[in-house]
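See below for the structure under consideration.
In the working numbering, the protein residues as written are 2 to 307.
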């Protein structure tokens with residue numbers, strides 16, 4: 002019994018030590034679990050931070066893209082010598098723009114997949130700017146190649162050239178343009194058109210631009226864009242007039258000002274001494290819009306070009 006009692010006490014001590022060891026391990030495991038929980042929380046916070054950085058990066062990219070687009074438009078307006086080599090590839094030009102936007106969307110997708118290197122976003126933005134600059138150069142080359150066709154865009158009202166009888170037609174046309182239009186839009190358009198008729202070309206241009214800013218896609222939008230081109234034409238700034246007429250065509254392909262815009266660009270190119278493109282445009286008006294008022298005027302004008 003004594004020996005048995007001794008053995009039992011020894012076993013108890015062994016069990017106590019084992020319990021202490023297991024308890025210590027349990028404590029260590031709990032510490033490790035708490036540490037893992039903390040790491041998980043830190044990872045969640047880091048993920049939220051990365052998402053915020055990504056949103057900032059997207060905003061920066063959008064801002065830079067808009068700036069580059071604005072720079073591109075400015076270059077287009079200053080390329081007077083290149084404009085004379087533009088062709089009639091408006092559809093190719095529009096398709097190229099669509100591809101550019103698709104490429105930008107693809108680039109945004111790549112940025113989302115590179116969250117782990119957000120600390121280098123400054124460098125990434127610089128690379129994207131370089132890529133967009135290359136696209137701008139490519140676009141300029143494309144515009145050069147399609148120049149002859151783009152030059153083929155002309156204006157509707159031949160009367161707004163140097164001939165007084167051609168200036169009178171828009172006056173009779175204006176009231177019918179605002180029929181069925183809401184009072185606010187109609188009044189704003191009528192005010193801009195009235196300013197144009199009074200000969201205040203700068204004031205009319207500002208009012209038409211304000212109208213387009215407020216109503217960019219309505220029935221009178223293509224008309225307003227056309228009259229902006231007319232203000233430049235009457236100021237004899239034929240290069241800018243060509244660009245504004247082109248906007249009336251590309252932005253409003255279903256508008257009724259297309260034959261007018263095409264015809265007036267032909268006249269503008271004649272003023273610039275570019276008879277080749279002027280003839281091409283006049284022929285296009287006759288072929289594509291044979292029932293329009295401009296078709297007959299184009300025929301007469303073409304017969305007078307030597």
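Even glycine gets a Cβ: it sits at the ideal position worked out from N, Cα and C.
Classify residue i as helix, strand or coil using the three-state DSSP reduction.
i	result
residue 278	helix
residue 290	coil
residue 188	helix
residue 307	coil
residue 273	coil
residue 298	helix
residue 221	coil
residue 85	coil
residue 110	helix
residue 80	coil
Hey, how far is the Cα of residue i from the Cα of residue j?
i	j	result
residue 206	residue 235	12 Å
residue 264	residue 222	19 Å
residue 10	residue 29	29 Å
residue 284	residue 294	14 Å
residue 49	residue 66	26 Å
residue 14	residue 23	14 Å
residue 274	residue 95	27 Å
residue 226	residue 213	8 Å
residue 220	residue 256	8 Å
residue 188	residue 237	28 Å
residue 70	residue 61	14 Å
residue 63	residue 299	44 Å
residue 85	residue 266	12 Å
residue 357	residue 53	Absent from the model: residue 357. The displayed extent of the chain is 2 to 307, so no value can be given.
residue 44	residue 38	10 Å
residue 26	residue 32	10 Å
residue 68	residue 287	40 Å
residue 98	residue 208	28 Å
residue 46	residue 36	15 Å
residue 16	residue 121	58 Å
residue 75	residue 107	26 Å
residue 72	residue 42	45 Å
residue 282	residue 292	16 Å
residue 201	residue 210	14 Å
residue 100	residue 109	14 Å
residue 218	residue 128	35 Å
residue 103	residue 193	37 Å
residue 40	residue 254	58 Å
residue 137	residue 304	The pLDDT assigned to residue 137 is 46, lower than 50, so where the model puts this residue is not dependable, and the model offers no usable value.
residue 12	residue 21	14 Å
Between the options, which lies nearest to residue i when the distance is taken from Cα to Cα?
i	options	result
residue 80	58, 241, 192 and 298	241
residue 261	247, 272 and 271	247
residue 229	243, 288 and 218	243
residue 271	239, 245 and 287	239
residue 111	299, 74, 58 and 201	58
residue 114	56, 249 and 288	56
residue 78	245, 282, 291 and 296	245
residue 92	250, 209 and 76	250
Within its chain, find whatever has a CB closer than 8 Å to the CB of residue i; leave out the 5 residues flanking it on each side and keep chain order.
i	result
residue 203	232
residue 19	none
Given residue i, which residues of its chain have a CB within under 7 Å of its CB, disregarding the five upstream and five downstream residues?
i	result
residue 105	66
residue 276	306
residue 290	260 and 296
residue 252	226
Ordered along the chain, which non-local residues of its own chain (more than five positions away) have a Cβ less than 6 Å from that of residue i?
i	result
residue 195	none
residue 215	none
residue 186	216
residue 153	Confidence at residue 153 is low in this model, with a pLDDT of 40, below 50, so the placement of that residue is unreliable and no value is reported for it.
* Curious, which full-length alpha helix (DSSP H) runs of at least 4 residues does the segment 195–262 contain? -> 202–215, 222–235 and 239–252
* May I have a chain-ordered list of the alpha helix (DSSP H) segments no shorter than 4 residues that lie completely inside the segment 14–63? => none
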